[in-house]
Amino acid sequence: MTPTITYSLKNDQSHADQYYRDIAAFADQAIAEGDARAAITLRAFEAFLRATERETIRSRAEYLYEFLTLGVLWRVYIRNACELGALPRRALTILSRVRERNQRLKPMADALRGVLTSWFLSPRPRAETSAPRSLEMLERLLGWLQATGDFNQEVKRLNNWRDFFATQTPEQIAAHLSSALAFADWFEARSVDVLGCYTPNVEKFLRETHPRYRGREDALFCGRQRVEYHLNMLGTEILNRALRASFLQTRRKIVVVPPCMRAQPDAKCQARATMFGAQCAACTPGCRIHQLTLLGEKQGFGVFILPDELKTFSGKTTGADDSLGIVGVSCVLTNAPGGWEMQTLGVPAQGLPLDYCGCRYHWHRDGIPTDIGFGQLLRLLEIRVPEQH
23 MTPTITYSLK NDQSHADQYY RDIAAFADQA IAEGDARAAI TLRAFEAFLR ATERETIRSR
83 AEYLYEFLTL GVLWRVYIRN ACELGALPRR ALTILSRVRE RNQRLKPMAD ALRGVLTSWF
143 LSPRPRAETS APRSLEMLER LLGWLQATGD FNQEVKRLNN WRDFFATQTP EQIAAHLSSA
203 LAFADWFEAR SVDVLGCYTP NVEKFLRETH PRYRGREDAL FCGRQRVEYH LNMLGTEILN
263 RALRASFLQT RRKIVVVPPC MRAQPDAKCQ ARATMFGAQC AACTPGCRIH QLTLLGEKQG
323 FGVFILPDEL KTFSGKTTGA DDSLGIVGVS CVLTNAPGGW EMQTLGVPAQ GLPLDYCGCR
383 YHWHRDGIPT DIGFGQLLRL LEIRVPEQH
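Going by the numbering used here, the sequence shown opens with residue 23, and the numbers climb by one from there.
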């Protein structure tokens, strides 16, 4: 049996079908709870977006998820944000931009970020904080999130909420933030009841393994709290619903998978480079990417290994006659942000979380080949064949 490092959607079963039933039911519950708690705030925010013409109004559930994200990230990181000075924040933000824009300088930027992250961004023990529920504190939180380089998609969306709050009185801002924090409190407690069986080892990992990540560029990413796993699980479900209709209307479908699904290490994998990312060369019959590629050949979808930049796909949706829909596969912590990025690029997409994490870059020294539920993939693609695992 594959060891569970932090999470497993299979929960000791042979497949993850129960997880997908549980997350769908929990999403319904969370949406209803959030709408009951924050309907006034959500309506005011939507009115602000219409008045400022910032974007075409999206679904209420998407804005509710953004509002919940604000509450959860505030609860987890506001203490960190209050303690980060302006100078290290600027330095970390610059390094994050360098690593995004310059692949040649990325190794150097990552090394420096590892050192600075250990000094300035190491997660503080969660505790109640007296930080005022104000626009100034929200801006400090957003500055901290931006400096980490790990929350770019979240910051893009929460910037709209900051600008909305800037139109409100201090009393209204405090009320909105109190609503977000109360919703986040409910979510954390309820998500453990419903989804906790899928994240059994997060706290053990944070306690026993994560201290050895000090000085690493990915220390903050791998140090995510259990509630953040649950938040991203919910995010994938909500974004999949919101983007479902546009995805199903596309003529061509491809599945983009991470390198950690390969059976062979980088040096031995014989995948060939293409415009969409590397494509399996069938070097290892037991490789899950090879097996998925064979399924795609039979069912009419392509399979590619994730390219360095998701914007590779933005120019491929050239019209209804040649539109491209993408199923993006990644670990739970990156799947919902990836969905947001694809939405920004105008690419109709669906997210499919890995059944468990195991890549050697973040989670395991030697790497554990990861997997997905083929049955859930076929459901996303609306291909009706007997489930395969």
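Each residue gets a CB set at the ideal place from its N, CA and C atoms; glycine is no exception.
Bear in mind the structure is a predicted one, so any value in this text is a computation, not a measurement.
Compare the Cα-Cα distances from ASN223 to each of ARG246, ARG294, ALA197 and ARG238 and report the closest residue. ARG246
At the level of alpha carbons, what is the spacing between ASP240 and GLN292? 27 Å
According to the neighbour-count rule (16 or more other Cβ atoms, all chains shown, within 10 Å of its Cβ), is THR28 buried or exposed? buried
Since I believe ALA300 is in contact with ILE327 (beta carbons under 8 Å), could you give me their beta-carbon distance rounded to a whole number of angstroms? 4 Å
Restricting to Cα atoms, I'd like to know which of ARG43, HIS252 and ILE276 is closest to VAL94. HIS252
Candidates LEU92, ARG76, LEU376 and HIS37: which alpha carbon is nearest MET255's? LEU376
Where does the unbroken alpha helix (DSSP H) through GLY424 begin, and where does it stop? Outside the displayed range of the chain (23 to 411) lies residue 424, so it cannot be described from this structure.
Helix, strand or coil for ARG412? Go by DSSP, reduced to three states. This structure cannot speak to residue 412, because the chain is shown only from 23 to 411.
Who are the near neighbours of TRP385 in its chain, counting only those whose CB is closer than 8 Å to its CB and skipping five residues on each side? ILE27, THR28, CYS244 and CYS379
Segments assigned alpha helix (DSSP H), at least 4 residues, entirely inside the region 194-245: 241-244
So GLY318 and VAL277 are supposed to be a Cβ contact under 8 Å. How far apart are they, rounded? 7 Å
Beta-carbon within less than 6 Å of ASP172's beta-carbon, same chain only, minus the 5 sequence neighbours each way: which residues are those? LEU242 and PHE243
Top-ranked residue by Cα proximity to ALA38, from ASP388, ARG406 and LEU374: LEU374
ARG284 versus VAL216 - alpha carbon distance: 31 Å
Between the CA atoms of ALA47 and ALA12 - distance to the nearest angstrom: Absent from the structure is residue 12, since the part of the chain shown begins at 23 and ends at 411.
Look at GLN175 and PRO329 and say whether their C-beta atoms are less than 8 Å apart. no
Does the separation of the CB atoms of ASN33 and TYR220 fall below 8 Å? yes
Exposed or buried, which one is THR392 when buried takes at least 16 other CB atoms within 10 Å? buried
In three-state terms, what does DSSP make of ALA300? strand
Got a sec? Which residues, its chain only, sit under 8 Å from VAL279 by beta carbon, not counting five neighbours each side? ILE311, LEU314, VAL325, PHE326, ILE327, LEU328, VAL351 and ILE394
Quick one: give me the first and last residue of the beta strand (DSSP E) that GLY324 is part of. 324-327
Compute the Euclidean distance between the alpha carbons of GLU193 and THR63, then round it to the nearest angstrom. 13 Å
Can the beta-carbon of PHE70 be found closer than 8 Å to that of THR191? no
Alpha helix (DSSP H) segment containing VAL177, residue limits: 174-187
ALA371 and ILE348: beta carbons closer than 8 Å? yes
What is the rounded straight-line gap between the Cα of GLU105 and the Cα of LYS226? 26 Å
Quick check on ARG162: does DSSP put it in helix, strand or coil? helix
Taking ILE348 as part of the beta strand (DSSP E), name the residues at either end of that continuous run. 346-352
Does the beta-carbon of ARG97 have 16 or more other beta-carbons within 10 angstroms, so that it is buried, or is it exposed? buried
Along the chain, where does the beta strand (DSSP E) containing LYS290 start, and where does it finish? Neither: LYS290 is in no beta strand (DSSP E) and is coded neither H nor E.
Among the candidates GLU404, GLY397, TYR41 and SER36, whose CA atom is the shortest distance from the CA of SER419? The structure shown does not extend to residue 419, since the chain is modelled only from 23 to 411, so the question has no answer here.
Taking CYS353 as the reference, which of THR366, MET364 and CYS381 has the closest Cα? CYS381
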